[in-house]
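Below you'll find the structure, written out as structure tokens, and then a few comments.
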Amino acid sequence: MKIAVIGTGYVGLVTGTCFAESGNQVTCIDIDEHKVQKLKAGEIPIFEPGLEEMVKRNTKARRLLFTTSYDETIPDAKCIFIAVGTPQKEDGSANLDSIWKVAESLAPLLAEDSIVIIKSTVPVGTNRKLAELLQKLTGRIVDVASNPEFLKEGAAIDDFSKPDRVVVGVSRPEIADTLHELYKPFLRTEHPFLSMELESAEMTKYVANCMLATKISFINEMANLCERVGADINQVRRGIGHDQRIGFSFLFPGVGYGGSCFPKDVSALISVAKSHQMEPSILNAVDQVNTAQKRVLFEKVNHYFKGDLQGKTFAIWGLAFKPKTDDIREAPALVLIDQLLQAGAQLKVHDPVAMNNVKDIYGDQLAYFDHHYDTLQGADALVIVTEWNEFRHADFDYILHKLSNPIIFDGRNLYEPDKMKQKGFDYIGIGLSSLKS
Ligand code: UDX
Numbered sequence: 001m002k003i004a005v006i007g008t009g010y011v012g013l014v015t016g017t018c019f020a021e022s023g024n025q026v027t028c029i030d031i032d033e034h035k036v037q038k039l040k041a042g043e044i045p046i047f048e049p050g051l052e053e054m055v056k057r058n059t060k061a062r063r064l065l066f067t068t069s070y071d072e073t074i075p076d077a078k079c080i081f082i083a084v085g086t087p088q089k090e091d092g093s094a095n096l097d098s099i100w101k102v103a104e105s106l107a108p109l110l111a112e113d114s115i116v117i118i119k120s121t122v123p124v125g126t127n128r129k130l131a132e133l134l135q136k137l138t139g140r141i142v143d144v145a146s147n148p149e150f151l152k153e154g155a156a157i158d159d160f161s162k163p164d165r166v167v168v169g170v171s172r173p174e175i176a177d178t179l180h181e182l183y184k185p186f187l188r189t190e191h192p193f194l195s196m197e198l199e200s201a202e203m204t205k206y207v208a209n210c211m212l213a214t215k216i217s218f219i220n221e222m223a224n225l226c227e228r229v230g231a232d233i234n235q236v237r238r239g240i241g242h243d244q245r246i247g248f249s250f251l252f253p254g255v256g257y258g259g260s261c262f263p264k265d266v267s268a269l270i271s272v273a274k275s276h277q278m279e280p281s282i283l284n285a286v287d288q289v290n291t292a293q294k295r296v297l298f299e300k301v302n303h304y305f306k307g308d309l310q311g312k313t314f315a316i317w318g319l320a321f322k323p324k325t326d327d328i329r330e331a332p333a334l335v336l337i338d339q340l341l342q343a344g345a346q347l348k349v350h351d352p353v354a355m356n357n358v359k360d361i362y363g364d365q366l367a368y369f370d371h372h373y374d375t376l377q378g379a380d381a382l383v384i385v386t387e388w389n390e391f392r393h394a395d396f397d398y399i400l401h402k403l404s405n406p407i408i409f410d411g412r413n414l415y416e417p418d419k420m421k422q423k424g425f426d427y428i429g430i431g432l433s434s435l436k437s
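According to full-length UniProt numbering, the stretch in the sequence shown is residues 1 to 437, in order.
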């Protein structure tokens, strides 16, 4: 099938490349000439495991092309995926300017039987508005569909190639057949293709992300309560997870969720609710708990050192909002760094891939190290913010030897508290019993 993907950001690039990988003829369009030139040369602008090789392979096979030209691409395309950014506005709502601009560029070029599909996360009602706009611009009814993505950064190719489900919202049922064909190579038994109304598909995306964000804020609040009552959230997690209605996944306490999706989507759904005269109490709380949770690690450090952080040095492991990505958008590490700098501390930081992005913000306010162990020398404590795999099996004797004080603040509960105590550390995690120490 001939496919056009508009927008070569994270979602567009992964979508286009995976469709090319399954044998389709894909052209990715971006207005940024410089970016297109780089992509043509096989240079990809984001860090995503496996993506670069897949882009190169499909570009070489000429199944994947990059261009700035709508004119050369759109008239031949059966499916046109819009995957442009919908950034958050000041009031929390989504900015849809790029979507409308794309629609205007597409309209004069669309083939009679083409389908325009929005992949970007857009507020409920946007697809219907797109259909109206395209009808106005072309003078005929254009088929539109909503096809939200559920890709996790760091696992995007796997998520696309083996989706738990594919959701499409359609303006008429026959459109779903074409999209089903397109997705068939990726579908497996038990992982359905779900066709629904446009509005339901749009809402599905927000509800999925807000549900996941709710799980995280809930477990973080419970972790904070565990600390106060002398319980251990790790044990509580095991205690609740065996109830199949609850389960174990996405209930790891930590330093709050970050990234490009959860914070933005929770705010956007709050804004949608408000625009329909509804005060979304749970969503408001999810957001508030998360904002507070991003400060918890600093509070623990500050409390431990009795509010005197002036001139203290901290080793920080992990800066990205989660492992396997260089993305630092809304990352809890940035909140911690701001607070520690504000309190007069000196910071020696390491992240396996996100360091350049952090350098762009903080410049020489921080000391950057290529190896996590090199941050330790003379530090007053180690603070772990992101659970990269390479931090999981640490050489504790070496850490003890290098740190000035045997203290670890662990925002991701990577280690066994009892073992850490035996080794001689003061080990402060999230939701661990403070009564035991
Ligand atoms: C998320 C959704 O998972 C994905 O379906 C959607 O399309 C985009 O948003 P992503 O932002 O890549 O994907 O990150 P994800 O792996 O879901 O993690 C989000 C945040 O939650 C991270 O900050 C992570 O550290 C945090 N998290 C996750 C926890 O704190 N505890 C958990 O148990 C799980």
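For every residue, glycine included, the Cβ atom is placed at its ideal position computed from N, Cα and C.
- In the DSSP assignment, S146 falls within the unbroken beta strand (DSSP E) covering D143 to S146.
- By the Cβ rule, the segment 190-197 does not count as touching the segment 39-59, because fewer than three pairs are nearer than 8 Å.
- Take the alpha-carbon of P87 and the one of P406: they are about 43 Å apart.
- S93 has no beta-bridge partner at all, per DSSP.
- By the Cβ-count criterion, F250 is exposed, with fewer than 16 other Cβ atoms from all chains shown falling within 10 Å of its own Cβ.
- For E221, the enclosing alpha helix (DSSP H) has its first and last residue at L198 to V229.
- Counting along the chain, no beta strand (DSSP E) covers A131; the unbroken alpha helix (DSSP H) around it starts and ends at T126 to T138.
- Relative to the ligand UDX, the beta carbon of K152 is positioned inside 8 Å of a heavy atom.
- For Q25, the enclosing beta strand (DSSP E) has its first and last residue at Q25 to I29.
- Y206 and P75 have their C-alpha atoms roughly 32 Å apart.
- Cβ-Cβ separation between G258 and A331: approximately 5 Å, consistent with a contact (criterion under 8 Å).
- Closest in alpha carbon position to I6, among V26, S22 and S260, is V26.
- In the DSSP assignment, G411 falls outside any alpha helix (DSSP H) and carries neither an H nor an E.
- By the C-beta density criterion, I428 is buried, having at least 16 other C-beta atoms within 10 angstroms.
- With a cut-off of 8 Å, the C-beta of L251 is classified as near the ligand UDX, since at least one heavy atom of the ligand falls inside that distance.
- With a cutoff of 8 Å, N58 does not count as near the ligand UDX, since its C-beta is closer than that to no heavy atom of the ligand.
- Taking the Cα positions, E149 is about 8 Å away from T121.
- At a threshold of 8 Å, D159 counts as near the ligand UDX, since its beta carbon sits closer than that to one of the ligand's heavy atoms.
- Assigned with DSSP and collapsed to three states, S98 falls in helix.
- Between C79 and T178 the beta-carbon gap is near 7 Å, inside 8 Å, which marks them as a contact.
- Taking the Cβ of A208 as the reference point, at least one heavy atom of the ligand UDX falls within a distance shorter than 8 Å.
- The Cβ atoms of A61 and A4 lie no closer than 9 Å to each other.
- When secondary structure is reduced to three states using DSSP, A155 falls in the coil class, being assigned neither helix nor strand.
- Distance from V301 to F409 at the Cβ level is roughly 6 Å; contact confirmed, criterion being Cβ atoms closer than 8 Å.
- The residue among N357, K423, Q293 and D308 with its C-alpha nearest the C-alpha of I219 is Q293.
- Around S217, the same chain offers V286, V289 and N290 as residues with beta carbons nearer than 6 Å, after the five sequence neighbours per side are excluded.
- At the C-beta level, T67 and T59 stay beyond 9 Å of one another.
- Looking at L133, L341 and Y373, the one whose alpha-carbon comes closest to that of G363 is L341.
- In this structure the segment 364-379 touches the segment 396-406; the number of beta carbon pairs closer than 8 Å is three or more.
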